[in-house]
Amino acid sequence: MIPRTHEQASFWNQGMRAAPIVIVLAITAMTTQALVAQQNVTHELPLSAENIHWGFYDASLEPVVTIRSGDRVYFENLLARGLDRLRLAGISERRFLPSMLNVEEQETVRVGSHPLNGPVYVEGAEVGDVLEVRLIDIGFLADYGVSGFLPGGGTLPMDFPSAALRAFEID
Numbered sequence: 506m507i508p509r510t511h512e513q514a515s516f517w518n519q520g521m522r523a524a525p526i527v528i529v530l531a532i533t534a535m536t537t538q539a540l541v542a543q544q545n546v547t548h549e550l551p552l553s554a555e556n557i558h559w560g561f562y563d564a565s566l567e568p569v570v571t572i573r574s575g576d577r578v579y580f581e582n583l584l585a586r587g588l589d590r591l592r593l594a595g596i597s598e599r600r601f602l603p604s605m606l607n608v609e610e611q612e613t614v615r616v617g618s619h620p621l622n623g624p625v626y627v628e629g630a631e632v633g634d635v636l637e638v639r640l641i642d643i644g645f646l647a648d649y650g651v652s653g654f655l656p657g658g659g660t661l662p663m664d665f666p667s668a669a670l671r672a673f674e675i676d
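The numbering of the sequence shown is this note's numbering, which starts it at 506 and goes up by one.
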C-alpha cells in the first residue's frame, strides 16, 4: 500500500465532497433539457369553417388539433345562432369580421344553435379521465355584442314571457 500524503488526502476528501454537487448539477442540467424539450405549446384555433361545427359534441368528430397536457389553446368563436342574431339586433354587416362571414357562408349544416370550435384531442387522455381546463383570459373579437332571450327559455323561463334582444358596444 502506498501511503498518501497530506495533499493527496486533502484532494481526495475535497473531491468526494464536491462529487454530490457535480452530480446534482448534472441531474439539474438533464432535467432542464427534458423540460425544455417538453415545453408547453400554445395552439391557435381561429374562427374558420374548418374549425367550427354547429350545435353538438360528438366523439365521432375528427379533432381539429391535438395537444399535450399543459398546452394552451386560443379559441375564436361565433355567438349563438350566428350572424342572424347580430342582424336582428341591428348590427351593420359592415362591422362583421371576414372570418364570421366565412363561417356563415361555408358552415351550412346547423344542428342546434351554438357554433363550437373543436374538438381538441388531448394526448394520453383516456375514457373516464377528468380533464382540468383553466380559462386564462376571455377577450372579444369585435367591439360589439348582443344579448337576448326567448320566451320559455333560459334560467328563468317563467319570469320572461316575451323575447328581447339588445346590441351593445364594448369599449
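A virtual CB, placed ideally from N, CA and C, is assigned to each residue, including glycine.
- Counting only the Cα atoms, V632 lies some 42 angstroms from S667.
- Residue pairing from DSSP places A669 in a beta bridge opposite F654.
- Cβ neighbours of N545 within its own chain (closer than 8 angstroms, five residues either side excluded): R573, G575, D576 and R577.
- The alpha helix (DSSP H) runs of length 4 or more contained entirely in the segment 555-630 are, from start to end of the chain, 588-593 and 603-611.
- If you compare the alpha carbons of E628, R639, V608 and D634 with that of E555, the shortest gap goes to V608.
- If you look at T660, you'll find it isn't in any beta strand (DSSP E); DSSP assigns it neither H nor E.
- Spatial neighbours of L636 in its own chain (CB-CB distance under 8 angstroms, excluding positions within 5 residues in sequence) are listed in chain order as V627 and A630.
- Annotation: H558 to F654 spans about 23 angstroms, alpha carbon to alpha carbon.
- The three-state secondary structure of E637, taken from DSSP, is coil.
- When DSSP states are grouped into helix, strand and coil, L550 belongs to the strand group.
- Here the alpha carbon of R639 sits roughly 26 angstroms from the alpha carbon of R586.
- Just measuring C-alpha positions, the residue of Y579, H548, V651 and F561 sitting nearest G644 is Y579.
- CA-CA distance, P603 to R592, rounds to 15 angstroms.
- Between V569 and V614, the CB-CB gap reaches or exceeds 9 angstroms.
- Here P620 is buried, its C-beta having at least 16 other C-beta atoms within 10 Å.
- Here the alpha carbon of A564 sits roughly 19 angstroms from the alpha carbon of L550.
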